[in-house]
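Read the structure below first, then the notes.
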Amino acid sequence: MPKYQLNCPRAATTPRVARDFVTTVLRALGLDALVDDAVLCTSELVANSCVHTEGQGVLLIVDTDGFRNAVRVTVYDESRTPPRHLQGYDPESGRGLWIVDTVSDGRWGTELLGASGKGVWFEVGEEQPSRPPKRRTGTLASVATSPL
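Take any residue in the sequence shown, note its place counting from 1, add 3, and you have its number in the numbering used here.
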């Protein structure tokens with residue numbers, strides 16, 4: 004699973020740079036169908052990080068899985084405060100996480116890094132592998148004792 008990363012300063016241009024980076028990575032890997040959803044969610048998470056946290060900047064990591072036609076994007080920052088989970092759509096504020104939750108079908112979360120901050124991630128694309136599962140041969144007893 005290839006990983007790509009980008010370090011960005013906390014600046015007004017960072018969401019745009021992050022969108023362009025994700026677009027370039029996914030198109031280069033032939034995952035064009037995932038670009039729109041991944042770019043929208045990336046933009047929301049990076050903007051949230053730049054607006055609501057203090058620190059030097061953000062680290063963006065893009066993990067792709069060609070077998071599943073999926074991508075996971077994680078935005079790391081120096082804040083230890085997890086994002087607020089909203090109970091529904093609020094037309095006044097907080098739409099970013101609602102958008103991420105809706106677009107990713109609820110496949111997002113946080114990763115606390117102790118004193119160094121947190122990561123907020125989302126995944127878009129196929130949930131299950133599109134390739135058939137490996138076939139096992141032998142008896143249940145041989146499978147149960149197999150080191151694999």
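Even glycine gets a Cβ: it sits at the ideal position worked out from N, Cα and C.
Query: Out of THR26, GLY60 and SER82, state which residue places its alpha-carbon closest to the alpha-carbon of ALA118.; Result: SER82
Query: For ASN155, which of helix, strand or coil comes out of DSSP?; Result: Residue numbering for the chain in the displayed model covers 4 to 151; residue 155 lies beyond these limits and cannot be assessed.
Query: What three-state label does DSSP hand LEU29 in the structure shown?; Result: helix
Query: Which of helix, strand or coil does DSSP assign to ASP66?; Result: strand
Query: From this set, VAL123, ASN10, TRP101 and ARG87, which residue's C-alpha is nearest PHE24's C-alpha?; Result: ASN10
Query: Helix, strand or coil for ARG138, going by three-state DSSP, please let me know.; Result: For ARG138, the predicted structure reports a pLDDT of 39, less than 50, and the residue's modelled location is therefore unreliable. A value from the coordinates is still provided. Coil at ARG138, not helix or strand.
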